[in-house]
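First the structure, in the form of structure tokens, and then the observations on it.
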Amino acid sequence: MFERIGVIGSGAMGRGIAQLFATAGIAVRLYDSRPEAVEQALAHIRETLERAAARGRMTAEEASRSLACMSAARRLPELADCDLLIEAIVENLEAKQALFRELEAVVAVDAVLATNTSSLSVTRIASACRHPERVAGFHFFNPVPLMKIVEVIRGERTDPQLIERLAALAERTGHFPARTPDSPGFLVNHAGRAYGTEALRILAEGVAAPAQIDRILRDGLGFRMGPFELFDLIGLDVTQTVMESVYQQFYQDPRYTPSHLLAPRLAAGLLGRKSGEGFYRYANGDLQPDP
Ligand code: NAI
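Under our numbering, the first residue of the sequence shown is numbered 234, with each subsequent residue one higher.
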């Protein structure tokens with residue numbers, strides 16, 4: 234079992250992953266190339282756990298025990314004694330390869346390198362490593378503590394035993410490990426393509442507005458969130474990168490053509506919840522009514 238987990242990237246996903254393992258009583262060290270992101274993540278997790286304790290979802294002791302499991306790393310070498318490193322940095326192949334190359338120079342030879350990539354090939358990320366057999370995909374969903382599933386992805390050269398170790402770790406946190414092959418978008422982001430791209434097509438054709446489409450899919454078909462609510466939660470920047478990545482990996486199959494509606498929103502800084510506005514507007518994380 235893993236003793237100490239290093240999480241690299243302290244954005245929406247990194248902080249959720251850190252919270253999940255700390256709550257399970259595992260030591261977690263958080264790193265980000267922007268040190269202020271680590272501070273923000275730790276403050277956010279503290280607030281979340283204290284709120285959970287105040288609402289009776291956990292005891293005050295459990296909250297403070299979880300917080301005590303977390304610490305900040307200011308430099309990458311401070312992760313040297315971690316036996317599992319999970320990266321949740323920007324969705325970019327070269328950046329992830331460069332990070333794993335750097336990590337291999339720092340961590341023990343038997344330490345495991347996992348990627349939370351949404352859509353990049355695990356095998357390609359691992360191809361930058363001296364020991365690709367210790368690299369696997371560990372793909373969580375947003376928000377991590379609530380979405381009780383994680384894809385455990387086996388790259389072409391991943392040690393099969395590693396998949397079982399990661400699956401056991403996921404089960405320890407109460408998450409269901411979905412063992413998936415390394416194919417474009419894995420399972421969830423492959424199956425979920427139509428949900429997003431078709432909704433954007435409906436919007437582009439002027440058939441209905443985002444709130445109408447969301448409501449119908451939520452209340453009519455029973456999805457937990459409508460596609461536009463989901464885009465805002467995931468982040469339009471991440472959504473765009475995933476759409477583009479899956480499209481390219483399927484050799485530009487027209488089924489996966491990304492929508493032209495996202496690029497202008499990105500240019501305007503409308504990234505979703507994290508920027509305060511995407512398809513909807515937010516204040517302090519709460520949805521705002523239409524003016
Ligand atoms: P984010 O933009 O919220 O956070 C990324 C963090 O990584 C930022 O704090 C940034 O400063 C840091 N970072 C960037 N490059 C770095 C580097 N080289 N070294 C250290 N830190 C670095 O992004 P988010 O949404 O947390 O996504 C992270 C990863 O998780 C991406 O690969 C994304 O595709 C994946 N993912 C995202 C989901 C979502 O709903 N947003 C769901 C599942 C996976």
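Backbone N, C-alpha and C define an ideal beta-carbon position, used for all residues, glycine too.
task = Going by DSSP, name the residue or residues bridged to residue 387.
result = 414
ask   = Run through DSSP, which three-state label would residue 256 get?
value = helix
ask   = Cβ of residue 453 versus every heavy atom of ligand 1: is any distance shorter than 6 Å?
value = no
task = Tell me, please, whether the region 398-405 touches the region 371-389 by the rule of three or more beta-carbon pairs shorter than 8 Å.
result = yes
ask   = Just to confirm, does residue 272 get its C-beta within under 6 Å of one of the non-hydrogen atoms of ligand 2?
value = Absence of ligand 2 is noted for the structure shown, with ligand 1 being the only ligands found.
key: Rounded straight-line distance, which links the Cα of residue 422 to that of residue 316   = 28 Å
key: Reduced DSSP category for residue 471 - H, G, I as helix; E, B as strand; rest coil   = helix
ask   = Nearest CA to the CA of residue 479: which residue from 443, 521, 430?
value = 430
task = Within its chain, find whatever has a CB closer than 8 Å to the CB of residue 448; leave out the 5 residues flanking it on each side and keep chain order.
result = 459
ask   = In terms of residue numbering, what span does the beta strand (DSSP E) encompassing residue 240 cover?
value = 237-241
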